[in-house]
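Q: Please see the structure below; I have some questions.
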Amino acid sequence: MAEILGLGLSHFGGFMFSDEEMSSRIKARLVDGSLPPSLDHPSKWPGPMRDEWGNDEGASFAHRHREEYFGGLDRVRKALDEFRPDAVFIFGDDQYECFREDLVPPYCVFVGDEFESKPYLRARGLGGDTPNIWNDPFDTVIRTPGAADVARYVLNALLAQDFEPAYSYRLPHQDYLGHAFTNTLMFLDHRRTGWRYPIVPFAINAYGSSLIRARGGIVEKGGNNGTARLPDPPAPSPRRCFEIGRALARIVRDSPWRVAFIATASFSHAFLTEKNFFFYPDMESDRRRHAELAAGEYLKWRALTVPILEDAGQHELVNWCPMVGAMEELGQKPAYCELMESYLMNSNKCVAIIPPA
Ligand SMILES: [Fe+2]
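Be aware that the sequence shown starts at 0, since it is given in numbering that gives the first Met the number 0, and climbs by one per residue.
Quick look at the structure:
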């Protein structure tokens, strides 16, 4: 019987590397002169951030943060295994990976029978060629089956409902999945029991106005990385992503398949939160978003706008909106929804399980 399981998690790449490596961004900021005087020494930081730093530059906290996060992932994986999906949709951002100067869709469904991931290539800045927690070789390639039949069916049905997603039969610019999809697959199989579910990668242009000019990163004041000088066109709105999720729920509900919808993104990202000097995330806003989600008040997410998300460094929350919209359409409420906060580790991570009613 067709059913939909809603799941949410983070694809923070730091979890793949050592406890010491996880706070490397903070250590670099302390010495590169980019912090304002009000934050240029740990003694000046918010209390919880000082606590995370502790007496070992955040290494102990990093360990606890990963344990907490992987504990949440174990619950997600158990729910997924018990659900036995025929296909798994993964809604994730494309961070200047397949979406580049030559073509930037608001979102794109990748259609294939198999996808490759190269989990340690992009992460060089986070220590990609240093040992990862699995001790995998740096050039490891992971192969994951694709649900091409489900993807084609859904594309046809979306167009019949007047939604016009882009699609692609190959991954442009790189022959492997982007970080959001790769890290999600790595983390959901962090115990290495194997992954057998066919996927449909649904990529979203979450970085919008800074996708090209900052190559998916941040736009430093006055800097543009030598590319476009003006902001790029924005990300698709949370409302539109939410409505696509509602349409997807209707389509899958009337299909022969059992499908999991995985939203993958941390909430506020420190490196996107200008009001906190790109140093730590917007904690207050994340707590609000988490409370809304946990209470099943999904329509509050539909009312969000791109400027609201960008102000909070929550650009990637549009990745969550299709899954949240689908849950609104189906009337499904969270059985599990936890926010794992961190000042040091770039972002707050939310893990959620929203089972069929
Ligand atoms: Fe991302």
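Every residue gets a Cβ at the ideal spot worked out from N, C-alpha and C, and that includes glycine.
These numbers come from a predicted model, not from an experiment.
#1: At 4 residues or longer, and completely inside the segment 208-296: list those alpha helix (DSSP H) runs for me, N to C.
#2: Can you list, in chain order, the residues of its chain whose CB lies under 7 Å from that of Lys26, leaving out five sequence neighbours each side?
#3: Can you check whether the CB of Ile3 is closer than 9 Å to the CB of Ala293?
#4: Considering only their Cβ atoms, is the gap separating Glu51 from Tyr297 smaller than 9 Å?
#5: Return helix, strand or coil for Ile25, following the three-state DSSP convention.
#6: Can you give the Cα-Cα distance for Gln331 and Val30, rounded to whole angstroms?
#7: Hey, out of Ala356, Glu340, Asn345, Pro355, whose CA is closest to Pro47's CA?
#8: Would you please state the rounded distance, in angstroms, between the beta carbons of Leu255 and Ser346? I believe it to be under 8 Å.
#9: Would you kindly report the start and end of the unbroken alpha helix (DSSP H) that includes Cys320?
#10: Exposed or buried, which one is Pro105 when buried takes at least 16 other CB atoms within 10 Å?
#11: Which class does Tyr196 belong to by DSSP, given the choice of helix, strand or coil?
#12: Please find out if some non-hydrogen atom of ligand 1 comes closer than 8 Å to the beta-carbon of Ala248.
#13: Please report the residue range of the beta strand (DSSP E) in which Gly91 lies.
#14: Name the DSSP bridge partner or partners of Pro144?
#15: In chain order, which beta strand (DSSP E) runs of at least 3 residues are fully inside the segment 49-105?
#16: In whole angstroms, give me the CA-to-CA distance for Ile307 and Arg121.
#17: Could you say if the segment 315-329 and the segment 209-219 meet the contact criterion of at least three C-beta pairs nearer than 8 Å?
#18: Looking at the unbroken beta strand (DSSP E) that takes in Ala383, where does it start and where does it end?
#19: Could you work out which residue in Ile132, Ala146, Thr129, Tyr95 is closest to Glu113 when comparing CA atoms only?
#20: Below 9 Å between beta carbons: does that hold for Glu115 and Val140?
#21: If we ignore side chains and look at the alpha-carbon of each, how far apart do Asp85 and Ala334 end up?
#22: As a quick exercise: from Asp285, Gly324, His178, pick the residue whose alpha carbon is nearest that of Glu309.
#23: Less than 9 Å between the C-beta atoms of Val357 and Ser37, yes or no?
#24: Tell me whether Ala290 is buried or exposed, calling it buried when 16 or more other Cβ atoms sit within 10 Å of its Cβ.
#25: Taking three-plus beta-carbon pairs below 8 Å as touching, is the segment 3-12 in contact with the segment 260-276?
#26: Does the distance from the CB of Leu102 to the CB of Pro171 come in under 9 Å?
A: In this structure, then:
#1: 237-252, 282-293
#2: Glu56
#3: no
#4: no
#5: helix
#6: 47 Å
#7: Glu340
#8: First, the residue type needs correcting, since residue 255 is Pro and not Leu in the sequence shown. Contact flag wrong, Cβ pair sits at about 37 Å.
#9: 320-329
#10: buried
#11: coil
#12: no
#13: 86-92
#14: Glu113
#15: 86-92
#16: 29 Å
#17: no
#18: Missing from the structure shown is residue 383; the chain here goes from 0 to 356 and no further.
#19: Ala146
#20: yes
#21: 22 Å
#22: Asp285
#23: Not covered by the structure: residue 357. The range shown for the chain is 0 to 356.
#24: exposed
#25: yes
#26: yes
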